[in-house]
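In full-length UniProt numbering, the protein residues as written are 1 to 514.
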């Protein structure tokens, strides 16, 4: 009976084993216990606890160059940390919190996070510094596009003037025929160098880009995907590995071929599989990528440009607004040309036929800045290009309930997957993915469109500021001849074009030497 009762008790209440701490070494210092004084005993315990809790601080002198650990009780001085969020124009943050103080121990140094680290420069900025557009006391604002305004009479209203200024800015920033001739010669020279190397006959080199006088020239080395052309039954992962290996081999061959000429300076990014090339005499940058097929995004953009002629004008002025604020191609996580063009294309498709024809560019620009400055939060909202629209986790879930699970359209399934990835990344603290600009690839609904912009939290204040400045200039507009002091577009740009003119002069000055 005793045996059975013991088994029942042990089954109902399983034995709880005590955790073993045999691996923890015994403390060397045992606090003294004063039997007749509780106060002394507590003070002894507190003193011993403080000695174990506080770490030593080693102050490193100028002459000390040791490689050992260095700890400082002072807040580290950093160019990024020294600027308060308020001074950087970030309305989503409150004022700087005071340092945490523990009773009796002084201030605690704030741990540095990934936000505090300086953003890595992009490949283009590693080879050549970006154009400095900022207007200062020594470099005042300039209005070179006003020279291209043709109408001698005043405009009918402010939107018509803004539209004409946007069109004039496009003409000013577009490379001239002589600049395009120089770019063609450089591209031909690079193509000849690549072709002279031992590249097989399946290689085809196509050029894109150079939409503005300071933008990069893109060369794409396309090759035949042997697995696809022969109908190979390889596993998907094996085919992917073979394709990436082929891309790596071609980029290495291109690098070796271009190293034969002292005219070019090279930088190979193995992770992104890009080869950046700087043409030293002109300062023109070339991007060389390898792919089995021409990216379908390029075909979509060509179709969008043909369908919406204003896309090019809007692209140039919005890009310039972002460049002045350091948000376009200035770092690896800034917006690039493909992302911006797709964003504008989606906006134009959503607003097809809504703008005045006599002020198409001006009204489109104002509406774009209003949409992404006040209405749409790009940190939580995705953008679909085809079919055009915005989507969030709530809107996608609501739209999916209108279909049977097996009948959900492909674009909705893709949006659901993309927005879920974005939401989960934010939950787990992966802000690089969670804050990434989400544009659904029009070719493959399950993928992001090409791009690396994760500074979406900074885009909305920039667009909002530009919109408010333009709106104020339009509200105070009076009919008169356009002069620098009454330029509407300048209120949003506020740029200096001296550095840009220097880049253009370098290209034109070397036209007879190539």
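We put the CB at the ideal spot given by N, CA and C, even for glycine.
Within 7 Å, strictly: CB atoms of residue i and residue j
i: residue 149; j: residue 164; result: yes
i: residue 287; j: residue 216; result: yes
i: residue 189; j: residue 499; result: no
i: residue 171; j: residue 496; result: no
i: residue 467; j: residue 348; result: no
i: residue 307; j: residue 453; result: no
i: residue 266; j: residue 253; result: no
i: residue 366; j: residue 470; result: yes
i: residue 422; j: residue 438; result: yes
i: residue 162; j: residue 382; result: no
i: residue 457; j: residue 435; result: yes
i: residue 280; j: residue 263; result: yes
Neighbour-count burial assignment, residue i, 16 or more Cβ in a 10 Å radius
i: residue 472; result: exposed
i: residue 352; result: exposed
i: residue 448; result: buried
i: residue 241; result: exposed
i: residue 261; result: exposed
i: residue 360; result: buried
i: residue 244; result: exposed
i: residue 440; result: buried
i: residue 331; result: buried
i: residue 504; result: buried
i: residue 356; result: exposed
i: residue 176; result: exposed
i: residue 212; result: buried
Separation of residue j from residue i, as counted between CA atoms
i: residue 559; j: residue 321; result: Residue numbering for the chain in the displayed model covers 1 to 514; residue 559 lies beyond these limits and cannot be assessed.
i: residue 433; j: residue 455; result: 10 Å
i: residue 480; j: residue 158; result: 10 Å
i: residue 333; j: residue 379; result: 14 Å
i: residue 396; j: residue 477; result: 42 Å
i: residue 291; j: residue 221; result: 6 Å
i: residue 276; j: residue 249; result: 16 Å
i: residue 178; j: residue 313; result: 21 Å
i: residue 492; j: residue 405; result: 47 Å
i: residue 336; j: residue 328; result: 6 Å
i: residue 142; j: residue 494; result: 8 Å
i: residue 296; j: residue 302; result: 10 Å
i: residue 425; j: residue 392; result: 15 Å
i: residue 463; j: residue 136; result: 21 Å
i: residue 446; j: residue 412; result: 9 Å
i: residue 394; j: residue 304; result: 29 Å
i: residue 489; j: residue 293; result: 40 Å
i: residue 501; j: residue 214; result: 9 Å
i: residue 409; j: residue 174; result: 41 Å
i: residue 38; j: residue 429; result: 47 Å
Local conformation of residue i per DSSP, three classes
i: residue 373; result: helix
i: residue 288; result: strand
i: residue 384; result: strand
i: residue 195; result: helix
i: residue 146; result: helix
i: residue 328; result: strand
i: residue 283; result: coil
i: residue 549; result: This structure cannot speak to residue 549, because the chain is shown only from 1 to 514.
i: residue 426; result: helix
i: residue 436; result: coil
i: residue 277; result: strand
i: residue 176; result: coil
i: residue 495; result: strand
i: residue 221; result: strand
i: residue 34; result: coil
i: residue 264; result: strand
i: residue 335; result: strand
i: residue 305; result: helix
i: residue 86; result: Because the pLDDT at residue 86 is just 38, under 50, the model does not fix this residue reliably, and the value given afterwards should be weighed accordingly. In this structure, residue 86 counts as coil in the three-state DSSP scheme.
i: residue 139; result: coil
i: residue 269; result: strand
Residue i: CB within 6 Å of a non-hydrogen atom of the ligand SAH
i: residue 288; result: Within the structure as shown, the ligand SAH is missing, as the structure has no ligands at all.
Same chain, Cβ closer than 7 Å to residue i, neighbours up to 5 away in sequence not counted
i: residue 389; result: 350
i: residue 246; result: 223
i: residue 358; result: 160
i: residue 144; result: 172, 497
i: residue 284; result: 183, 186, 217, 507
i: residue 376; result: 390
i: residue 154; result: 479, 480, 481
i: residue 315; result: 340, 341, 344
C-beta neighbour in chain B for residue i, strict 7 Å
i: residue 132; result: Of the chains in the structure shown, none is chain B; there is only one protein chain.
8 Å CB neighbourhood of residue i in its chain, flanking five on each side removed
i: residue 193; result: 257, 258, 260, 261
i: residue 34; result: 40, 41, 44
Chain-order list of residues whose beta-carbon lies under 6 Å from that of residue i (same chain, five-residue window excluded)
i: residue 282; result: 506, 507, 510
i: residue 300; result: 442
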